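To start, the structure itself, in structure tokens.
Numbering (full-length UniProt numbering), first residue to last: 1 to 659.
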């Protein structure tokens, strides 16, 4: 059951708080919102986040994050949805900041304030369990007004249209919604686990175990969590700090170009005696995947009692299927995309995976049709992740992590693997791992989703080859446009490198789960990015350096490397007559490079180069065999996500075990 509300403290009527003075409007002029790859981060002036909010450098201005309240006003504010800000009245591109450096201090500050309040309420007899509930009517938030409430009640689960249909209900706090009538604490889910539940399993482990889905169609998130589970240091970085005794957990998630500090308790809705959310295979003794999903649900929920018409999202918005790329980016702050094994040879694929395995996550999907034809019994409904690549006796092998509820299904492919590989590496078959040759992997797996950990330090595990010098991070540059970007004036990024350099550029649309109303989400505009090398005199090489995928996903990415200094143009295109409300462009480089964003005002001249190219492709994302495409002038269709595959298989074969 959820927390009892015996004589909850009444809040004083909300009074209108004076809005703090707006920062001065940047002095650079914008002509019709088109001219200006404007850098609004002037020396000595305010920094702006991708939401258009100023990033203050004092202790009271740490919460300018998407979906978080203004630190001084204390009012729930969905900043990307606000248009009255001075800085949002321009539709120019400006230099933004992701706000990551403010998180650590703010998290420690709020953890201390929450724990002090819980202890005070316990001393008064108002919180007998001594545990936090993210509801200001149960645990007052006077000491931590910047923490958004996420009470364990039905209003946080349901989407706005469902709430609108239930406006006649007088008490949404005690709903009679079928299947979601109770909330339990994860730490108290089973009496036997009450004293043994932990956020993470103790010990120096090479992985954190399998993550199984719950009762929502969110296999995209489960896939991402299984990939993160293989890098324990990366999983622990999701938690800024926590106090398990008082059930206070503060996590960091990357949404819409901003690092968000997300505070949650451990209440979850119960369906048929089981948590609604995903869970560790060691649940109820290990809690971290369930807590991450709750934090993910909170950032996908907007609830404002003063502006009900602006409410959107909800925990159920986390369901409905999706792309693993989105979840990987949200959890890690990396850059993600997908490619297909049919577009690359097995030997090149192995070299690619082997080289990148230290700082890249790889999720893979089974080639269902090929397995059915050949009788190879890989489970296409299960989450599969590449853990490592290795050579032995002149042959190439890949280790797969299969988070299959019914057990490990390797299709007999591991029979061709020498036993020495099992001996040389710590992962075991009963834990969900199996080895196979690169030829078998190429044949029986179809789609690979990569996520480059551009925002993380070294998280590799023992036995992996190093790629970048330890401690060498990517340099980050962010640009944002809070207006509407249309196909007639798409953004183009000018990249200037001064020497050998690796460059990654990603274009990010706003997450549609946060603004979802009803069961349908706003579809994403298919974006394509192309990279050209400058020949001077405003001319560019006709030989494209690389391109991104052209599919209807939230993000598009390109990655290339330069052997020497040069100038490059990255073009972002979208279908004719289409447009995107608000875009964020993320640029990363391994050595100093200059980035500038401007709207494309004219076509560029292409010419045949007279010298070898300076740059080359760095990622297989966007590599497409022309013979596989029916047309090259329209976006490619998306391959089915795991939730669609699970529905299809359960309707026909009943072969996917549903949790």
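Virtual Cβ for every residue (Gly too), placed ideally from N, Cα, C.
These figures come from a predicted structure and were not determined experimentally.
- Excluding the 5 residues flanking it on each side, residue 384 has same chain C-beta neighbours closer than 6 Å at 364, 400, 402, in chain order.
- In this structure, the straight-line span from the alpha carbon of residue 276 to that of residue 429 is close to 29 Å.
- In this structure, 544 is the residue among 625, 544, 591, 624 with its C-alpha nearest to the C-alpha of residue 613.
- An exposed status is given to residue 602, since fewer than 16 other beta-carbon atoms sit within 10 Å of its beta-carbon.
- The residues 318, 319, in chain order, have a CB closer than 6 Å to that of residue 218 in the same chain once the five nearest residues on each side in sequence are set aside.
- Put simply, the backbone Cα of residue 594 is about 18 Å away from that of residue 535.
- For residue 205, the number of other beta carbons within 10 angstroms of its own is below 16, and it is reported as exposed.
- Taken in chain order, no unbroken stretch of alpha helix (DSSP H) lies wholly in the stretch 515-549 with a span of 4 residues or more.
- Annotation: the continuous beta strand (DSSP E) that includes residue 243 extends over 239-243.
- Residues of the same chain with a CB within less than 7 Å of the CB of residue 213, apart from the 5 flanking positions on each side, are 219, 222, 278, 659 in chain order.
- In this structure, the alpha-carbon of residue 290 lies about 7 Å from that of residue 280.
- Along the stretch 258-319, the alpha helix (DSSP H) occurs as fully enclosed runs of 4 or more residues at 288-299, listed in sequence order.
- Taking 9 Å as the cut-off, the beta carbon of residue 597 is found closer than this to the beta carbon of residue 494.
- DSSP, read as helix, strand or coil, puts residue 556 in strand.
- Apart from the 5 residues on each side of it in sequence, residue 249 sits with its Cβ closer than 6 Å to the Cβ of 242, 264, 291 in its chain, given in chain order.
- Along the stretch 402-442, the beta strand (DSSP E) occurs as fully enclosed runs of 3 or more residues at 433-437, listed in sequence order.
- Selection 351, 393, 255 evaluated against residue 329 yields 255 as nearest (Cα-Cα).
- Per DSSP, residue 108 is one residue of the alpha helix (DSSP H) stretching across 103-123.
- In terms of CA proximity to residue 636, 525 leads the group 525, 257, 541, 620.
- For residue 571, the pairing in a beta bridge is given by DSSP as 492, 530.
- Shown here for residue 378: same chain residues with a beta carbon closer than 7 Å to its own, the five before and five after excluded, namely 366, 371, 409, 411, 444 in chain order.
- Separation of the CB atoms of residue 190 and residue 282 is rounded to 12 Å, and the pair is thereby denied contact status at 8 Å.
- Assigned with DSSP and collapsed to three states, residue 332 falls in helix.
- Per the Cβ contact rule, the stretch 324-338 is in contact with the stretch 445-461 (3 or more Cβ pairs under 8 Å).
- In terms of Cβ geometry, residue 646 and residue 381 form a close pair [threshold 9 Å].
- Less than 9 Å separates the beta-carbon of residue 608 from that of residue 541.
- Looking at 146, 257, 187, 236, the one whose alpha-carbon comes closest to that of residue 267 is 187.
- Residue 360 and residue 452 have their alpha carbons spaced roughly 4 Å apart.
- Residue 273 counts as exposed, since fewer than 16 other beta carbons sit within 10 angstroms of its beta carbon.
- Residue 210 counts as buried, since no fewer than 16 other beta carbons sit within 10 angstroms of its beta carbon.
- Under the three-state reduction of DSSP output, residue 345 falls in the coil class, being neither helix nor strand.
- Spanning the alpha carbons of residue 421 and residue 506 requires a straight line of approximately 37 Å.
- A distance below 7 Å between beta-carbons, with the five flanking residues on each side excluded, links residue 442 to the following residues of its chain, in chain order: 341, 346, 349.
- Fully enclosed alpha helix (DSSP H) runs of no fewer than 4 residues occupy 219-229, 232-237 of the stretch 197-242, in order along the chain.
- In the DSSP annotation of this structure, the continuous segment of the beta strand (DSSP E) that includes residue 607 starts and ends at 605-607.
- In the structure shown, the three-state DSSP call for residue 154 is helix.
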